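Trainee:
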Amino acid sequence: MKAIRLLPVLVLAMIAGSCSTVRVAADYDKHANFNTYRTFAFFKPGIDKAEISDLDKKRILRAIESELNAKGMTKSENPDMLISIFTTEKERVDVYNNYGWGWGWNPYWWGMAYPNVSTTTEGSLFIDFIDAGKNELVWQGKGTGYLSQRMDKKEERINEFVKSILEKYPPGMETRNSK
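In our numbering, the protein residues as written are 1 to 179.
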């Protein structure tokens, strides 16, 4: 009987554990020479279109700048590459029926369902790298995962998204970094 009551707790623990991962995909122009991109700037018109709070935009841009600086790139007024972002999100609702027993046993009453409802928000962050000279998209990274509703974990989660996405840049480096 205790195992039946612990089942929803275990299911929620598994969901919470899976929330920490960010699924990442990247695509790029195979003809672009990524060795020539040493400087960057943020593409304000594109960033302004992102439908998230200005505070979250600042968090994302700071995380991108930090990761690119760690890769040896610098922010510049005359950049080789422009960076834009956009986001999407969707709400996921999960309903779990838990069966419990009352006080005592009754042959005509087999148990009662107690529904548990949980909602989570799954978001995607796209980071676009645009060749500033040609004004063409040369690289795009996408990270998808569950978003934290706790304000004290928000910046940490954004940093995790950005770091996971930018591990794929420049193309081909992710296989060299994993060895």
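Where is the CB? At the ideal position from N, CA and C, for every residue including glycine. Here the structure is a predicted model, which means the values were calculated and not measured.
Could you tell me whether the region 38-45 touches the region 82-101, using the rule of 3 or more Cβ pairs below 8 Å?
Mentor: In short, these stretches touch, since the Cβ pair count reaches three.
Trainee: For a quick check, are the C-beta atoms of residue 74 and residue 50 less than 7 Å apart?
Mentor: Counting from 1 along the sequence shown, the entry for residue 74 is found at position 74. Counting from 1 along the sequence shown, the entry for residue 50 is found at position 50. No, these two residues do not count as a Cβ contact at 7 Å.
Trainee: How close, in whole Å, do the beta carbons of residue 26 and residue 133 come, if the pair is a contact with beta carbons under 8 Å?
Mentor: Here residue 26 refers to the residue found at position 26 of the sequence shown. Here residue 133 refers to the residue found at position 133 of the sequence shown. Incorrect: roughly 22 Å between the Cβ atoms, too far for contact.
Trainee: Got a sec, what are the start and stop residues for the beta strand (DSSP E) residue 141 sits in?
Mentor: Stepping through the sequence shown from its first residue, residue 141 is reached at position 141. Note, residue 141: beta strand (DSSP E), 136-146.
Trainee: Taking the DSSP output, what are the residues bridged to residue 73?
Mentor: The sequence position of residue 73 within the sequence shown is 73, counting from 1. DSSP, once it has assigned bridges, lists no residue as partnering residue 73.
Trainee: Apart from the five residues on each side of it in sequence, which residues of its chain come closer than 7 Å, Cβ to Cβ, to residue 93?
Mentor: The residue labelled residue 93 in the question sits at position 93 within the sequence shown. If we look at residue 93 and ignore the five residues flanking it on each side, its Cβ neighbours are 117 and 119.
Trainee: Need the endpoints of the beta strand (DSSP E) that residue 162 sits in, please.
Mentor: Here residue 162 refers to the residue found at position 162 of the sequence shown. Taken as a continuous stretch (DSSP letters only), residue 162 belongs to no beta strand (DSSP E), being part of the alpha helix (DSSP H) at 151-166.
Trainee: Does the separation of the CB atoms of residue 171 and residue 37 fall below 7 Å?
Mentor: In the sequence shown, residue 171 corresponds to position 171, counting from 1. In the sequence shown, residue 37 corresponds to position 37, counting from 1. Cβ distance not < 7 Å, so residue 171 and residue 37 don't count as in contact.
Trainee: For residue 89 versus residue 123, is the C-beta distance shorter than 7 Å?
Mentor: Here residue 89 corresponds to residue number 89 of the sequence shown, with the count starting at 1. Here residue 123 corresponds to residue number 123 of the sequence shown, with the count starting at 1. For residue 89 and residue 123, yes; Cβs fall inside 7 Å.
Trainee: Could you check what DSSP says for residue 94 in three-state terms: helix, strand or coil?
Mentor: Reading the sequence shown from its first residue, position 94 is the one you call residue 94. In this structure, residue 94 counts as strand in the three-state DSSP scheme.
Trainee: Just grab the DSSP bridge partners of residue 21 for me.
Mentor: If you number the sequence shown from 1, residue 21 lands on position 21. For residue 21, which the question treats as bridged, DSSP gives no partner whatsoever.
Trainee: When you compare the CB positions of residue 165 and residue 145, do they come within less than 7 Å of one another, or not?
Mentor: As a working mapping, residue 165 is identified with position 165 in the sequence shown. As a working mapping, residue 145 is identified with position 145 in the sequence shown. Contact flag unset, no.
Trainee: CB residue 47 to CB residue 158, shorter than 7 Å?
Mentor: Within the sequence shown, residue 47 is the residue found at index 47, counting from 1. Within the sequence shown, residue 158 is the residue found at index 158, counting from 1. Cβ atoms of residue 47 and residue 158: not closer than 7 Å.
Trainee: Cutting at 7 Å between CB atoms, please list the residues of its own chain near residue 17, excluding the five before and the five after it.
Mentor: If you number the sequence shown from 1, residue 17 lands on position 17. Its pLDDT being 46, under 50, residue 17 is placed unreliably in this model, and the coordinates cannot settle the point.
Trainee: Per DSSP, residue 116 forms a beta bridge with which residues?
Mentor: Stepping through the sequence shown from its first residue, residue 116 is reached at position 116. Residue 116 is bridged to 96.
Trainee: Is the Cβ-Cβ distance between residue 162 and residue 67 less than 7 Å?
Mentor: For the purposes of this step, residue 162 is identified with residue 162 of the sequence shown, where counting begins at 1. For the purposes of this step, residue 67 is identified with residue 67 of the sequence shown, where counting begins at 1. Yes, Cβ-Cβ distance for residue 162 and residue 67 is below 7 Å.
Trainee: Run through DSSP, which three-state label would residue 46 get?
Mentor: Within the sequence shown, numbered from 1, the residue matching residue 46 stands at position 46. Here residue 46 sits in helix by DSSP.
Trainee: So for residue 67, helix, strand or coil by DSSP?
Mentor: Position 67 of the sequence shown holds residue 67. Three-state DSSP puts residue 67 in a helix.
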